[in-house]
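There are 2 protein chains.
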Amino acid sequence: MPSFPHSPIGLIGFGAFGRLVAEHLAPHVGLRVHDPFVAEAEFAAGGVAACSLPEAAACPVVILATPVSSLAAIVRAVAPHLRPGALVLDVGSVKVRPAAIMRAGLPPDVDIVATHPLFGPQSARGGLRGLKIAVCPVRGSRAGRVGAFLRRAFGLDVIVTTPEAHDREAAAVQGLTHLIAKVLVAMEPLPTRMTTRSFDLVMQAVGMVRHDAPEVYHAIERENPYAAEVRRRFFDLAARMDEDLGEGAGIEERVLLDA
Amino acid sequence: MPSFPHSPIGLIGFGAFGRLVAEHLAPHVGLRVHDPFVAEAEFAAGGVAACSLPEAAACPVVILATPVSSLAAIVRAVAPHLRPGALVLDVGSVKVRPAAIMRAGLPPDVDIVATHPLFGPQSARGGLRGLKIAVCPVRGSRAGRVGAFLRRAFGLDVIVTTPEAHDREAAAVQGLTHLIAKVLVAMEPLPTRMTTRSFDLVMQAVGMVRHDAPEVYHAIERENPYAAEVRRRFFDLAARMDEDLGEGAGIEERVLLDA
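Chains A and B are the protein sequences, given in the same order. Residue numbers for the first sequence follow our numbering, so the first one is 1 and each next one is one higher. Residue numbers for the second sequence follow our numbering, so the first one is 1001 and each next one is one higher.
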C-alpha cells in the first residue's frame, strides 16, 4: 500500500459514499469518522469507531463526505478545528460551488483539493480498479500527490481538471443520465421480456442510479451551474424531434389508405 | 440444422436486415433474393444471386424484408405471384399495421406470420444465440413451427405474442431508446473521458441504434400506434421533473449566500 501523505484521516459524513470511502481506506490508514446522524451500531457494522467533530477535523487529512447542499454549514463547523497545514478534500458530484465554498470558508493555511469520484457504491461493487475520479487543485500544491496516491493505491483513473471544466462535462454526463433515469423510473412498469439489447443497456444504466440518494440528484441537477442549460437543450431537441414526427403523420395515413 | 418447413425461401428486400437474414439462411436453405434497388455486385458480395420479383414470390416461403412504409406496395406487387399454401413472413419493427396490410392484401390461401427480430446487424455481430424475436400468428397455424425452427436452428428466444401486445411493448422499448438516442446524437460532442459507468452504458445503447436506417426510426416512432402516447408521457414527466428542479432554485441561492 503506497502511503497517503498523512494519517489518520478524518472523515466527516458516513452516508452511502462516506461508507465506501471508509471501506477502502480503513484497512490502510487510521480513520476518525464523524456523523451525528448515524447510530453507533452502523459505525460498528462499517468497522469504524465514531468520534466527535473536533476530533475528526483535527486530523492531518480531512475528507468531507456530506451532501453538497450542506457543505457550507459543514465547512463553517469544521473550520475552527482544522490544524495549520491540514489537507481538506470533498467528494461531491459538482465542483464549482463546493470549491468556492471551501476556498471562502476554510482557513488560509489549509490546503484544498476538490474531488469527484465518478462512481458510487453500485459501480464500485466489482472493485475500484479502472474507475474514474476527477481531481481539482483548489489551494496548495498537493493535488498531484493525492492523484498519484489514488492511482497507485486503488488503480483509479485520475482526471486532473478545473471545477469549471468538470461541471461543464458533468452537466452532460450526470445531468442527462439522471434526468433520463428519473423519467424512465416514473414510467414504470416498463417491458422486461420483449426488449432490445440497447433498451437493456439503458435500463442497466437506470438501475445504477435509481437508488442514489435524492441529494445526489439535486446536487447534479440544481447545484451544477451548467445543468439547467443542458436540460434546456435536451428538451428543445426532443421537442423538435417530436414535431418532425408529427409532420410525417400524412405518410402514415396514406399507408393505411393503401392497405 | 433443423429443416425449415419448405425450401427455397424467397427474400424480398436486400437492405441491412435482408442481408442479415440472407447471411444466416443461405448456408442452410436455397434463397431467391429480389431487390431492384441493389446492384448485382452487392448480391455477389452477399453470396446470393439476384432474381426477379415473380421468381422470389413463387417460393413456398416468402420473407418480406422491406421498410414498413413500403409494405403495402410490396404486398400488392407480390400477391399475384404467390402460390396457394405459401407462407409469408415480414420482419418489421411494428406489427399492428403490417399484420393488417398483409391480412388485407395477401390471397386467402396464403398463411401469414408477422415477426419482429428484436435485433439488428449491430447486436447480431456476436451471433444470434439468445437474441429475441417476436412471432405473431396472423393467418394459418404455422407460427408454432416457425418459432420452433428459429429456436432450434439459431437459438433465438422466441416470444409468441399478438400485434397489439407487441406494439404496446415496442412503443416503450424501441420508441424510448430511439428517441433518447436521437436527442443525444444531436447534442454531440458529448464527453468521452470524464464519464460515469451509467453514462457509458447509455452511450453504448446510442451506438447500437445510431446507424439504423431512417426508415427504422420512422417505423418505430410513426407507424407504431402507441408511440406518440409514450413520447407524450416521457415529455410530460420530463417537464414535471424540470419544473420541480426550478422550484428548488431558492435552496441553491441560499447555499451561495451562505458561502
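Glycine included, C-beta positions come from ideal geometry on N, C-alpha and C. No experiment lies behind these values; they were computed from the predicted model shown.
According to DSSP, which residues form a beta bridge with residue i?
i	result
B/ILE1159	B/ALA1134
B/HIS1166	None; B/HIS1166 has no bridge partner.
B/VAL1048	Per DSSP, none; premise fails for B/VAL1048.
A/ARG262	An answer regarding residue 262 of chain A cannot be provided, because it is not within the stretch 1 to 259 covered by chain A.
B/ARG1210	None; B/ARG1210 has no bridge partner.
A/ALA139	The sequence shown places Arg at residue 139 of chain A, rather than the Ala named in the question. Answer is A/ILE112.
On the DSSP letters alone, give me the boundaries of the alpha helix (DSSP H) that residue i sits inside.
i	result
A/VAL61	Counting along the chain, A/VAL61 falls outside any alpha helix (DSSP H), though it belongs to the beta strand (DSSP E) covering 61-64.
A/ARG129	Here A/ARG129 belongs to no alpha helix (DSSP H), and DSSP marks it neither H nor E.
B/THR1078	In the sequence as presented, Thr is not what sits at residue 1078 of chain B; that position holds Val. Counting along the chain, the alpha helix (DSSP H) containing B/VAL1078 begins and ends at 1071-1078.
B/GLU1055	1053-1057
B/GLY1018	1016-1025
What residue does the beta strand (DSSP E) around residue i start on, and which one ends it?
i	result
B/ARG1151	No beta strand (DSSP E) contains B/ARG1151, which is instead part of the alpha helix (DSSP H) from 1143-1154.
A/GLY10	9-12
B/VAL1038	Unbroken run through B/VAL1038: none, as it is neither H nor E.
Taking residue i and residue j to be in contact with their CB atoms under 8 Å, please state how far apart those CB atoms are, rounded to whole angstroms.
i	j	result
B/TYR1136	B/ALA1172	Per the sequence presented here, residue 1136 of chain B reads as Cys, with Tyr not at that position. Their Cβ separation, rounded to whole angstroms, is 18 Å, which puts B/CYS1136 and B/ALA1172 out of contact at 8 Å.
A/VAL91	A/PHE17	6 Å
B/VAL1096	B/PRO1225	6 Å
B/GLU1221	B/LEU1156	The Cβ separation is near 25 Å, so there is no contact.
A/ALA238	B/PHE1235	7 Å
B/VAL1110	A/ALA205	So it is not a contact: roughly 44 Å between Cβ atoms.
B/LEU1106	B/LEU1082	7 Å
A/ARG233	B/MET1241	No, A/ARG233 and B/MET1241 are not in contact; Cβ-Cβ is about 15 Å, not under 8 Å.
A/VAL33	A/PHE14	6 Å
A/VAL325	A/ASP212	Outside the displayed span of chain A (1 to 259) sits residue 325 of chain A, for which this structure offers no information.
A/ALA348	A/VAL209	There is simply no residue 348 of chain A to check, as chain A begins at 1 and stops at 259 in what is shown.
A/ALA104	A/PRO163	13 Å between Cβ atoms; not a contact.
A/ILE101	A/VAL75	6 Å
Any heavy atom of the ligand COA closer than 7 Å to the CB of residue i?
i	result
B/ASP1212	Absence of the ligand COA from the depicted structure is noted, as is the absence of any ligand whatsoever, leaving it without description.
| task | Decide yes or no for the touch test of the segment 1019-1030 of chain B against the segment 1066-1077 of chain B: beta carbon pairs closer than 8 Å, at least 3 of them. | result | no
| task | Check whether the segment 129-148 of chain A touches the segment 190-203 of chain A, counting contact only when three or more Cβ pairs, one atom from each stretch, lie closer than 8 Å. | result | no
| query | Fully enclosed by the segment 81-118 of chain A, which alpha helix (DSSP H) runs are 4 residues long or longer? | reply | 96-105
| said: Count Cβ pairs between the segment 173-183 of chain A and the segment 205-218 of chain A that sit closer than 8 Å; are there 3 or more? | reply: yes
| Would you call the segment 194-214 of chain A and the segment 157-173 of chain A touching, i.e. three or more CB-CB distances under 8 Å? | no
| Is the segment 5-14 of chain A close to the segment 46-62 of chain A, with three or more CB pairs under 8 Å? | yes
| said: Check whether the segment 137-156 of chain A and the segment 108-128 of chain A touch, using three or more Cβ-Cβ pairs below 8 Å as the test. | reply: yes
| In chain order, which alpha helix (DSSP H) runs of at least 4 residues are fully inside the segment 188-248 of chain A? | 197-209, 214-222 and 227-247
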